[in-house]
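Chemist: Numbering (my numbering), first residue to last: -6 to 307.
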Amino acid sequence: MNKINLKIFLEFVEIRTKIASFFPMMVGFLWTGYYFKEFNWLNSIIFFLAATCFDMTVTAINNTLDYHKALDNNYKEEQNVIGKYKLNYRTMVIIVFILLAISLILSLYLVWLTDPMLLLIGALLYFIGIIYTFGPLPISRTPYGEIFSSLTMGFGITFLAVFMTRYEVLLSSEWTWTNLVLNIGWFDILKIFWFSLPQIFLTANIMLGNNTRDLDTDIQNERRTLVYYIGRPNAIRLYQLLSFLPWIVWLTYIIAGIFPWWTIVTLAVGYVHYQSVMRYTERIPQPIAFKEAIQSFILFLSMYVIVLFVLLLV
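1. How should residue 50 be labelled, buried or exposed, when 16 other C-beta atoms within 10 angstroms of its C-beta is the threshold for buried?
2. Residue 290 and residue 8 look like a contact to me (Cβ under 8 Å); what is the Cβ gap, rounded to whole Å?
3. I'd like the list of long-range same chain contacts for residue 148, defined as Cβ closer than 7 Å, with 5 residues on each side in sequence excluded.
4. Would residue 310 be called buried (16 or more neighbouring beta carbons within 10 Å of its own) or exposed?
5. From which residue to which residue does the beta strand (DSSP E) around residue 165 run?
6. What separation, rounded to the nearest whole angstrom, lies between the Cα atoms of residue 304 and residue 101?
7. Considering only C-alpha positions, which residue in the set 1, 248 and 158 is nearest to residue 32?
8. Have a look at residue 201 and residue 139 and give me their C-alpha separation to the nearest angstrom.
9. With residue 145 and residue 118 assumed to form a contact (beta carbons below 8 Å), what rounded beta-carbon distance in angstroms separates them?
10. Counting beta carbon pairs with one atom in the region 162 to 172 and one in the region 247 to 257, are three or more of them shorter than 8 Å?
11. Using 8 Å as the Cβ pair cut-off and three pairs as the minimum, do the region 213 to 223 and the region 263 to 278 touch?
12. Confirm, please, whether the CB-CB distance from residue 5 to residue 54 is below 8 Å.
13. Exposed or buried, which one is residue 17 when buried takes at least 16 other CB atoms within 10 Å?
14. Return the Cβ separation of residue 350 and residue 25 in integer angstroms, given the expectation that the two are a contact with Cβ distance under 8 Å.
15. Return the residue from the list 90, 136 and 105 that minimises the CA-CA distance to residue 123.
16. Grab the span of the alpha helix (DSSP H) containing residue 227 for me, first residue to last.
17. Residue 43 to residue 98, Cα distance in whole Å?
18. If you follow the beta strand (DSSP E) that residue 176 is part of, which residue opens it and which one closes it?
19. Using three-state DSSP, classify residue 80 as helix, strand or coil.
20. With DSSP run on the structure shown, which of helix, strand or coil describes residue 107?
21. From 73, 160 and 264, pick the residue whose C-alpha is nearest to that of residue 108; which is it?
22. Mind checking whether residue 255 and residue 191 have CB atoms under 8 Å apart?
23. I believe residue 206 touches residue 280 by the beta-carbon criterion, under 8 Å. Please report the beta-carbon distance rounded to the nearest angstrom.
24. Are residue 283 and residue 266 close, meaning C-beta to C-beta below 8 Å?
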């Protein structure tokens, strides 16, 4: 058995895919400062660390279970990180629990800093994150992977990023021995969902692009994802639609006056995004095609973050 080093650990937790949680967090933090005019640094930093650790935990569980359940020996020994580097399976399981423990400790500290309602929200997201990759039938092996991943990563993380500062307005509670009073800022929650739509669509596309590429391998390993049911041609059409919708939402921000009119120049980035979508369409199911899904995600959300940052400054 080989020893694990930093390079192998980062591959085990697929650090390159953490952009799927990093960008929604940045969007949430910047919207908090720009639109809601306030920001809590301590809560936000702790949340960043807790969410990153949990994201790594989910990925580590996924890679560990994929190795354990793999029916294709070529995948198990040549493609999965545990088999490829001849790692000790028990050691990797211990790493999973260490990452989970760090995330839980930080999250419980946030509950103490904010409101007990965070415990319920966090428990729900933890539950979804764990059953996404763990259990007799993980969500990632079903047709619902895109829905759950996009809502939890695209909306859930952005909501919590704003919640770290505005918990008293969004969702707070007053407890006595006999009563529980909830204060729900439903209109602000709807706004956050609106602000989250671009990353919801693009996060779903990362999952969809991955499953479209891996369809043949998934069939061999009895993973019945959405692509398995709708077929690769329809999956490509859905990918194209989900790539187009963020730009429609972006226009609504400008039309509604949330963004100033000069931000319409950012639509020029749409042409670069369109080219990436076309390259994906041409190259799928080649492995290189999945890079286009990642690049499309990074392209749009980098623009999103930069625009919010500029608006926050001016």
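Every residue gets a Cβ at the ideal spot worked out from N, C-alpha and C, and that includes glycine. Keep in mind that this is a model prediction, so the values were computed, not measured.
Modeler: Straight from the coordinates:
1. buried
2. Rounded, the Cβ-Cβ distance is 15 Å, inconsistent with contact.
3. 186, 189 and 193
4. Beyond the ends of the chain as shown, which are -6 and 307, falls residue 310; an answer cannot be given.
5. 164 to 168
6. 33 Å
7. 158
8. 6 Å
9. 6 Å
10. no
11. no
12. no
13. buried
14. This structure does not reach residue 350, given that the chain is present from -6 up to 307, and the question cannot be answered.
15. 90
16. 225 to 248
17. 8 Å
18. 173 to 177
19. strand
20. coil
21. 160
22. no
23. 6 Å
24. no
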